[in-house]
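Asker: What follows is a structure written as structure tokens; I'll ask about it next.
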């Protein structure tokens, strides 16, 4: 039995990129190949031990930067995972404080892949180390819940966007087609969108109004922990 | 600077009991007097180091049992608190995985108080050790959000209850008076209540229908983590 419980921070990082076959935007996450036991050679979420002089969210943001060379556009604590059977032996018992993060599509395309870092479609994962498959499943569930009642889709987009671009984010996250007219009505009723007065032109479509999100509304409501 | 970060589990335990002056039901929490440094003599949330062979939720339930002699009717992970400045010195740095719990009013009245355990009104706290005041504030915020969209109020009540009893729980948690007719309509529309066909009689009121909650609906929806 372990004398001490180790503490680690891991991060589930989501980006929207085209699916390799369908070319429709889907959620991707970066994985890191484990270079030591346990589960050496297996894919896992980016993460590592919490440094004694580092905050939890700062540790998650550092994981993200080191793995993807990106800064998160959204970062939130997901859950602390600490079951006794997470590691193959009791001596290796670790509690992982897990964060989830969103990065913008334009930046994610610039995200690096190396021998030990690979981006994969979130719903088509290889076998993962430890309980990381359950962690990704829970992070997907949290994201899919939040996108319906907060302006979290904004974190996938640039500063301004068309309603079609915003709908594509919702469709990719929720994995279903949304009716354009209904979506427009819902977004207008939400009071979360501000028309910029500018239009996206070009291509074979007629000019589309550009919107931005009302920045006075928080990405997600964390009550007394906002800004912590 | 600390070489290692310590890991602790703490629990915010809520019960409904009459306010000492107004006699209206309000939220109470038990506090424990710290018997060692740092913050010796100050009131704090029940908790302690995570034992190497104990799960996180099991540790929280044990804290609760040892402090109150009660079993929780609801227990959920709240958040992992790990700021660098939580403890007075860096050598004492601790990450606390905090749970929140609900106990039934009838059981909470039997809860013990000793020299080092005291129940206090959740909105009238004494000075607390570490960041425990922020933790209680966040737990109250989470409870007040959840009571509006889940059947979590059930955890404060016995197996069957009248609509007036259920409304009293909502009023105590939300700290505002609710219109009885509106509340009845909302609860009936929620589909979460099942009439038992039995009635509470006695006292100066006419007999009141007893309800129970639909047990096929989870107390709170934790998606893939349900039952973990």
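Residue numbers (full-length UniProt numbering), protein chains in the order written: chain H, 1 to 228; chain S, 1 to 228.
For every residue, glycine included, the Cβ atom is placed at its ideal position computed from N, Cα and C.
(1) Listed from N- to C-terminal order along the chain, which residues in the UniProt domain "Nudix hydrolase" (6-144) of chain S have their beta-carbon within a distance smaller than 7 Å of any beta-carbon of chain H?
(2) Does DSSP classify residue 41 of chain S as helix, strand or coil?
(3) Can you find at least 3 beta carbon pairs, one from the stretch 53-69 of chain H and one from the stretch 141-154 of chain H, that sit closer than 8 Å?
(4) Can you check which of these residues, H:226, H:221, H:191, H:161, is closest to residue 197 of chain H by C-alpha distance?
(5) Beta-carbon within less than 6 Å of residue 232 of chain H's beta-carbon, same chain only, minus the 5 sequence neighbours each way: which residues are those?
(6) Buried or exposed for residue 146 of chain S, please, with buried defined as at least 16 other CB atoms from any protein chain shown within 10 angstroms of its CB.
(7) According to DSSP, is residue 224 of chain S helix, strand or coil?
(8) Let me confirm a value: residue 127 of chain S is counted as buried when at least 16 other C-beta atoms fall within 10 Å, else exposed. Which label applies?
(9) Give the range of the beta strand (DSSP E) segment to which residue 101 of chain H is assigned.
(10) How would you call residue 63 of chain H, buried or exposed, if buried means at least 16 neighbouring beta carbons within 10 angstroms?
(11) Against residue 4 of chain S, what residues of chain H qualify as contacts under a CB-to-CB distance less than 8 Å, listed in chain order?
(12) How about the stretch 178-194 of chain H and the stretch 38-50 of chain H: do they share at least three Cβ pairs that are nearer than 8 Å?
(13) Compare the C-beta of residue 195 of chain H with all C-beta atoms of chain S and state if any pair is closer than 8 Å.
(14) Taking the alpha-carbon positions, what's the residue 1 of chain S to residue 83 of chain S distance?
(15) Alpha carbon to alpha carbon, what distance is there between residue 59 of chain S and residue 312 of chain S?
(16) Using a Cβ-Cβ distance under 8 Å, would residue 225 of chain S count as near chain H?
(17) Which stretch, first to last residue, makes up the beta strand (DSSP E) that contains residue 35 of chain S?
(18) Mark residue 216 of chain S as exposed unless 16 or more other C-beta atoms lie within 10 angstroms of its C-beta, in which case mark it buried.
(19) Considering only C-alpha positions, which residue in the set H:123, H:199, H:22, H:38 is nearest to residue 88 of chain H?
(20) To the nearest angstrom, how far is the alpha carbon of residue 219 of chain H from that of residue 150 of chain H?
Answerer: Taking the structure as given:
(1) 7, 50, 52, 53, 55, 56, 77, 79, 80, 82, 83, 84, 93, 95, 97, 134, 137, 138, 141
(2) coil
(3) no
(4) H:161
(5) Residue 232 of chain H falls outside the range modelled here, since chain H spans only 1 to 228, and no answer is possible.
(6) buried
(7) helix
(8) exposed
(9) 94-102
(10) Classification of residue 63 of chain H: buried, given that the 10 Å Cβ count is 16 or more.
(11) Within chain H, the residues near residue 4 of chain S are 4, 52.
(12) Touching, no.
(13) no
(14) Residue placement at residue 1 of chain S is poorly supported in this model, since its pLDDT is 47, which falls under 50; the coordinates are not used for a value here.
(15) Lying before the first or after the last residue shown, residue 312 of chain S is absent from chain S, which here runs from 1 to 228.
(16) yes
(17) Taken as a continuous stretch (DSSP letters only), residue 35 of chain S belongs to no beta strand (DSSP E), as it is neither H nor E.
(18) exposed
(19) H:38
(20) 6 Å
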